[in-house]
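Structure, as C-alpha cells:
In this note's numbering, the protein residues as written are 52 to 561.
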C-alpha cells in the first residue's frame with residue numbers, strides 16, 4: 052500500500068513527448084514526411100483505378116472508330132496528367148498543413164490533432180472528387196466523339212467504380228502509414244465525440260472494395276457489346292485485381308482493428324493481475340479509440356481510488372479503511388470485546404528538550420514504525436497516535452480469533468525491538484474488556500475510536516510498567532485467555548491499584 056501511495060498517474064505530456072520523439076526519430080515513413088513521397092503516394096493509390104478503366108474501355112468499346120479512340124486516349128492522357136498534378140498538389144498542401152507540428156518538433160494543439168486524425172479521410176475525399184471530375188470529363192469527351200450510349204455508360208460506370216476503389220485504397224494505405232502520427236495526436240487529445248469514420252462505415256468500405264466494386268465491374272464488362280475474348284480477358288484481369296485489392300484491404304483493416312483490441316486485452320489482463328499503472332495507447336480514431344480513451348479514464352479513476360484508499364488506510368488504519376469501504380461509515384457505535392495495548396515512551400519531555408526537533412521527530416517515526424509493523428503483523432490496529440504514545444486494539448473493527456495471544460505477542464515484540472534499537476525506553480500495558488467502538492465526530496470529519504475501561508486500564512498499566520523491569524505489564528484477564536504457548540512467556544506479578552479504577556488489577560509481566 053505504501054508503494055501505491057507513491058504511484059502517480061503518468062502525465063499525458065510525458066507520453067506525448069515520448070511519442071513525439073519517436074516521430075522525429077523517423078518512425079513516420081519517408082513517404083508521408085517528404086513532398087516526393089506524398090506525390091508518389093497520390094499516384095500509386097490511383098494506379099489500380101487507372102488499370103481498371105483501361106480494361107473497361109477495351110471491353111466496352113472494342114469497335115470504336117479511330118477518331119473516337121484518339122479523342123478518348125487524348126482525353127485520358129490529359130485527364131491523368133491533370134489529376135496527378137491536382138491530386139499531388141492537394142496532397143502536399145494537406146501534408147504540410149497537417150504535419151507541420153511533426154516537422155517543427157512541437158506538440159499538436161486540438162486543431163492539429165483533428166487534422167492529423169482526418170488526414171486519411173481527407174485524402175480519400177480528394178481522390179474521390181478528382182475521380183468524379185475525371186468521370187464527367189471522359190463522359191463529355193465520349194459524347195463529343197459520338198460514342199455509342201453503351202460505351203459512354205461503360206466508361207463512366209467503370210470510372211466511378213475505379214474512383215471508389217482508388218479512394219478506398221487511398222484511405223486504407225494512408226491510415227496505415229500515418230498511424231504513428233495518429234497515435235501521438237490521439238494521445239495528446241483523446242477522442243471525445245463520435246468518430247469521423249465509424250467502424251460500421253469502415254467495414255462497409257471493405258465490403259465495397261472486396262465485393263461490390265468487383266461484381267459491378269464484371270457486370271459492366273458483361274453488359275457491353277465487346278467480343279468474347281476481350282470480355283474474358285478483361286473479366287479475368289478484373290477478378291485478379293479484385294482479389295488482390297480485397298486481400299490487401301482486408302489485411303489492413305484486420306490489422307487496424309485487431310492491433311488495438313489486442314492492446315486492450317493485454318491491458319485488462321494487467322489490471323486483473325493488480326497492475327494499475329498500465330495504460331492503453333489510443334491508436335484508433337473511431338469507436339475503438341473512444342473505448343481505449345475510456346479505459347485510460349477508468350485506469351486513472353482506479354489509480355485515484357487506490358491512492359485515496361491508501362491515504363485513508365494510513366490515517367485510520369487498513370482494517371478501519373477496509374471496513375468503511377465494505378459497509379460505509381455512520382455516526383454510530385457498538386459493543387465489542389477487545390484487547391487494548393498502550394505503548395508510551397519513557398522520559399519524552401526531557402528528550403524534547405535535549406534533542407533537535409527534526410531528530411526527535413525522526414526518532415519518533417522509527418519508534419512508531421516498529422509499533423505499526425508488530426501490531427498489524429499480529430492482526431491488530433494502531434488506532435491512534437497520542438503524542439509519543441500509541442493506542443492499539445485487537446478485535447475491532449474486525450473480529451480477531453485469539454486476540455489476547457496476538458496482543459501479548461505484539462507487546463513482547465515491540466519491547467524487544469525497541470530495546471535492540473536502544474534509542475528510547477518504553478512502557479507497555481495490555482488489558483481487555485468490553486468497549487464502545489465506532490465512528491465519532493461530525494459528518495464531515497469522522498474518527499474510529501474505542502471508549503471503555505479496557506482502554507483506561509491499559510493506559511494506567513503503561514504508567515506502572517515504566518518503573519518496572521521489563522517495562523511490560525498485562526492484566527491477568529488477558530494472560531489467562533491466551534494460548535498455553537504464549538502464557539509460558541509470562542509470570543504473575545503484583546496486584547496493583549490503578550488510578551481511576553475501584554477494583555485492583557492483578558498483573559503479569561514478561
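Cβ atoms here follow ideal geometry from the backbone N, Cα and C, with glycine treated the same way.
7 Å Cβ cutoff met for residue i and residue j
i	j	result
residue 214	residue 182	yes
residue 486	residue 501	yes
residue 333	residue 346	no
residue 464	residue 427	no
residue 614	residue 390	There is no way to answer for residue 614, as the model of the chain reaches only from 52 to 561.
residue 218	residue 179	yes
residue 226	residue 171	yes
residue 236	residue 153	no
residue 468	residue 396	no
residue 402	residue 443	no
residue 478	residue 510	no
residue 325	residue 489	no
residue 15	residue 187	Residue 15 is absent from the structure shown; the chain starts at 52 and stops at 561.
residue 418	residue 475	yes
residue 433	residue 423	yes
residue 481	residue 458	yes
residue 260	residue 296	yes
residue 439	residue 399	yes
residue 141	residue 177	yes
residue 357	residue 327	yes
residue 430	residue 451	yes
residue 249	residue 337	yes
residue 529	residue 541	no
Residue burial classification, residue i (beta-carbon count within 10 angstroms, cutoff 16)
i	result
residue 551	exposed
residue 456	buried
residue 255	exposed
residue 160	exposed
residue 554	exposed
residue 546	exposed
residue 483	buried
residue 394	buried
residue 189	buried
residue 146	buried
Bridge partner(s) assigned by DSSP for residue i
i	result
residue 526	558
residue 443	392 and 433
residue 385	488
Reduced DSSP category for residue i - H, G, I as helix; E, B as strand; rest coil
i	result
residue 160	coil
residue 552	coil
residue 498	strand
residue 335	coil
residue 399	helix
residue 480	strand
residue 250	helix
residue 202	helix
residue 486	strand
residue 451	coil
residue 545	strand
residue 493	strand
residue 304	helix
residue 519	coil
residue 190	helix
residue 344	helix
residue 406	coil
residue 167	helix
residue 197	coil
residue 472	helix
residue 229	coil
residue 438	coil
residue 185	helix
residue 242	coil
residue 539	coil
residue 207	helix
residue 134	helix
Integer Cβ distance of residue i from residue j, believed to fall under 8 Å
i	j	result
residue 557	residue 522	Not a contact, Cβ separation roughly 19 Å.
residue 150	residue 232	7 Å
residue 460	residue 537	6 Å
residue 549	residue 512	7 Å
residue 315	residue 242	Actually they do not touch by this definition, with Cβ atoms about 15 Å apart.
residue 339	residue 308	7 Å
residue 304	residue 223	7 Å
residue 240	residue 164	4 Å
residue 194	residue 203	6 Å
residue 212	residue 267	6 Å
residue 155	residue 166	About 14 Å; that fails the 8 Å criterion.
Residue i: CB within 6 Å of a non-hydrogen atom of the ligand MG
i	result
residue 293	For the structure depicted, the ligand MG is absent and the ligand set is empty, with no information on it obtainable.
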